[in-house]
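2 protein chains.
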Amino acid sequence: MPGFINAHTHVGMSLFRNYSDDVELMDWLNNKIWPLEDKLTEKDVYWASLLSQSEMIMTGTTTFADMYYYEDQTIKALEKSKMRAQISRGLTLEDENYLKIKENIDLYQKYENSQDGRINIALGPHAVYTTDKNYLKEISKVSKKYNMPIHIHLSETKIENDDCIKRFGQSPTEVFEECGIFENKTIAAHGVHLSDRDLEILSKYDVSVVHNPSSNLKLSSGFLDCTRVINKGINLAMGTDSSASNNNLSMLKEISIASLVSKYKDPKNLRAYDVLKMATINGAKALGIDKETGSLEEGKLADIILIDLNNPNHTPQNNLISSLSYSTFDTDVSYVIINGELVYDNKKFVNLDIEEIMKNSKLAFDNLRKRK
Amino acid sequence: MPGFINAHTHVGMSLFRNYSDDVELMDWLNNKIWPLEDKLTEKDVYWASLLSQSEMIMTGTTTFADMYYYEDQTIKALEKSKMRAQISRGLTLEDENYLKIKENIDLYQKYENSQDGRINIALGPHAVYTTDKNYLKEISKVSKKYNMPIHIHLSETKIENDDCIKRFGQSPTEVFEECGIFENKTIAAHGVHLSDRDLEILSKYDVSVVHNPSSNLKLSSGFLDCTRVINKGINLAMGTDSSASNNNLSMLKEISIASLVSKYKDPKNLRAYDVLKMATINGAKALGIDKETGSLEEGKLADIILIDLNNPNHTPQNNLISSLSYSTFDTDVSYVIINGELVYDNKKFVNLDIEEIMKNSKLAFDNLRKRK
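Protein chains in written order, with full-length UniProt numbering: chain A, 1 to 372; chain B, 1 to 372.
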């Protein structure tokens, strides 16, 4: 089948896996994650990126959309993993002389379409609550000038919405619209708390929404009503978010959780085939690469995974589509081909030294915790 | 860690995996599953049981509580798999001269405490909607006479409750109480729709409730409020239900889904450790075998699983308990020991010929579908 497209993640965060669990988003960010991120080095992000990319490959993901910093390290890791990626620099208001925006443009000028065309660069205005209108307008201007897509967090929590309405008298979606963000090709992660008017705006500008079921549940952010979004004609893709808030990067887990929870009130919601599309072709549409990948079709690039069905959990084989969504185990993926190149061969990494990556990731996190 | 205890399943149903998905419980039972079950043979149940037990072993389950028919075939399969099990014959009203009850007693007299003490026999009055009060009273009498525990379905759907109130003017819990069922040691599967009064009754009689998150979501039955049940002092265990409504038998998936969905409103709900207890020691309490198994303690029997942590999804290792609940992949289980005997050795079955089991399961289902 086509490889999975993880349309929202932060691969540089995998060192924080299981570091802080069972707390709310704002507590988690302010008191746990951000203090640790202040001490993160380029090298840490390099090993975290390789670690994440290993985990994604072994669970069948061939492409991901990332937002973080030290993204040149993530791109360096991509040289080894050979994955396809859309990379954005997280842009937040603590940005003297717009140095972060310049860094993001610099990434574009250096790496757009590099590594045999596997790399695309997007702008990453983090969220409404970490930016302001002037900053967003500036980003929108840059986006138009360079024709760069945009990757944002949108209405992830109710608090984000409430604060935004207090601050601007508008929803996050309305703020982004006013600042011209949606006039550019945009991926909006989460979208858990969207009004009907928000959905109309997103639909009008053809913004893709990315569902991150595990992360949203784990941080008590809520659960996106997928059927409502799809019925508005909006392209709905799927993501794992980071392994700090999930706490893994397996799209197969997201597929099963998204489908099961969506059936809460109606078993016909998010059928097996719908949820597989979210995890593949809809991701390609979100990233603007659906002419190249996201499905197995003549003329498309070979981003292909082979799933082993010769195991008890796939026996008997009554319905392949149901089987993939409801019965597949995370590591049933046996072979992964990206851009025509075999990168995972009978459950062995072709290009990655996985023992070295794990060793250095552990070492990096030990050092990070000791660092003042 | 201690092996998982799957406290509610129907191992004889695994041939129906992925046969009918994305429909509601009553439609699924009446129009899909029951017509197929009418054609099921003893041999089919034998292969289905072995298939299920293989899948459970490879995902770390060492004990299960089963309700189905042709249970002598499931017990025969247990001779090969060496799993620990509590077996009950599903008892429903189409039971001329109480032949089914007699069959259940027969199982008890033949197999109770057999296979080195790994087998216990329970009575299986299926549910309120498939029995009546006289039948339930008779089963309660038998339970007392032989000191046999009881395994039931309870308030799985809202329709079950509504119909019961129409029929008896009582909730299913009230009906079971009136018929004396709860005076015996009882496992109640599902319990999705329980009133405060129901919970008080279950608490008073020390009835264990078994949460089956995937099955309940998939059939749109609802989602059990685990925290509410636990706060009433009720022992809450975990089950997969059958692979026909799940569609797999991995307790690791249930652990992750139960914990994530319970956090919907509060991230402190069902923390990593709470959910691991549900899947182990609480299951042992439900089955009345917590003096023998369910935790790793001196003097207990060796029902032990070894989980491989040397992989990207467990790196770095910040918190073992969180890691087990949120980051473990279904097939990270490398070794399984049941009753002191190694049954799964570095991901290879010691006693089971898995290729033969899969081949015969496929064949059995092909023949079943062709059968008039």
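Note that beta-carbon positions come from the ideal geometry of N, C-alpha and C, so glycine has one too.
Residue i at chain A interface by Cβ criterion, 9 Å
i                      : result
residue 64 of chain B  : no
residue 261 of chain B : yes
residue 310 of chain B : yes
residue 353 of chain B : no
residue 256 of chain B : yes
residue 222 of chain B : yes
residue 74 of chain B  : no
residue 58 of chain B  : yes
residue 228 of chain B : no
residue 118 of chain B : no
is_contact[residue i, chain B] using C-beta, thresh 9 Å
i                      : result
residue 317 of chain A : yes
residue 2 of chain A   : no
residue 24 of chain A  : yes
residue 283 of chain A : no
residue 239 of chain A : no
residue 406 of chain A : With chain A covering only 1 through 372, there is no way to say anything about residue 406 of chain A.
residue 267 of chain A : yes
residue 357 of chain A : yes
residue 327 of chain A : yes
residue 272 of chain A : yes
residue 236 of chain A : no
residue 295 of chain A : no
residue 330 of chain A : yes
Residue i versus residue j - alpha carbon distance
i                      : j                      : result
residue 257 of chain A : residue 257 of chain B : 7 Å
residue 278 of chain B : residue 123 of chain B : 23 Å
residue 321 of chain B : residue 273 of chain B : 6 Å
residue 104 of chain A : residue 331 of chain A : 35 Å
residue 170 of chain A : residue 4 of chain B   : 49 Å
residue 168 of chain A : residue 255 of chain A : 36 Å
residue 2 of chain B   : residue 64 of chain A  : 36 Å
residue 365 of chain B : residue 283 of chain B : 31 Å
residue 152 of chain A : residue 285 of chain A : 16 Å
residue 126 of chain A : residue 357 of chain B : 52 Å
residue 90 of chain B  : residue 101 of chain B : 9 Å
residue 350 of chain B : residue 333 of chain B : 14 Å
residue 15 of chain B  : residue 246 of chain B : 13 Å
residue 97 of chain A  : residue 36 of chain A  : 25 Å
residue 287 of chain B : residue 114 of chain A : 60 Å
residue 47 of chain A  : residue 7 of chain A   : 21 Å
residue 201 of chain A : residue 173 of chain A : 7 Å
residue 24 of chain A  : residue 219 of chain A : 5 Å
residue 336 of chain A : residue 136 of chain A : 38 Å
residue 149 of chain A : residue 181 of chain A : 10 Å
residue 234 of chain A : residue 106 of chain A : 31 Å
residue 147 of chain A : residue 141 of chain A : 10 Å
residue 304 of chain B : residue 49 of chain B  : 22 Å
Residues sharing a beta bridge with residue i, DSSP
i                      : result
residue 86 of chain A  : A:65, A:120
residue 344 of chain A : A:336, A:349
residue 91 of chain B  : B:125
residue 188 of chain A : A:152, A:209
residue 2 of chain A   : A:304
Residue i, buried or exposed, once every other Cβ within 10 Å from all chains shown has been counted against 16
i                      : result
residue 253 of chain A : buried
residue 296 of chain B : exposed
residue 84 of chain B  : buried
residue 185 of chain B : buried
residue 28 of chain B  : buried
residue 266 of chain B : exposed
residue 324 of chain B : buried
residue 17 of chain A  : buried
residue 195 of chain B : exposed
residue 86 of chain A  : buried
residue 99 of chain B  : exposed
residue 212 of chain B : buried
residue 109 of chain A : exposed
residue 82 of chain B  : buried
residue 79 of chain B  : exposed
Interface flag, residue i vs chain D, CB-CB below 9 Å
i                      : result
residue 155 of chain A : Absence of chain D from the displayed structure is noted, the protein chains being A and B.
*alpha helix (DSSP H) runs contained entirely in the segment 125 to 171 of chain B, provided each spans 4 or more residues*: For the segment 125 to 171 of chain B, whole alpha helix (DSSP H) runs of length 4 or above, ordered along the chain, are 133 to 146, 158 to 168.
*Within the segment 4 to 67 of chain A, ranges of the alpha helix (DSSP H) (whole runs, at least 4 residues)*: Within the segment 4 to 67 of chain A, the alpha helix (DSSP H) runs of at least 4 residues that lie entirely inside it are, in chain order, 34 to 37, 42 to 58.
*If you scan the segment 280 to 342 of chain A from start to end, which runs of the beta strand (DSSP E) of 3 or more residues do you find wholly inside it?*
With a minimum length of 3 residues, the unbroken runs of beta strand (DSSP E) contained wholly in the segment 280 to 342 of chain A fall at 304 to 307, 333 to 338.
*Residue ranges of each beta strand (DSSP E) run of no fewer than 3 residues wholly in the segment 223 to 264 of chain B, ordered along the chain?*
Runs of the beta strand (DSSP E) inside the segment 223 to 264 of chain B: 236 to 238.
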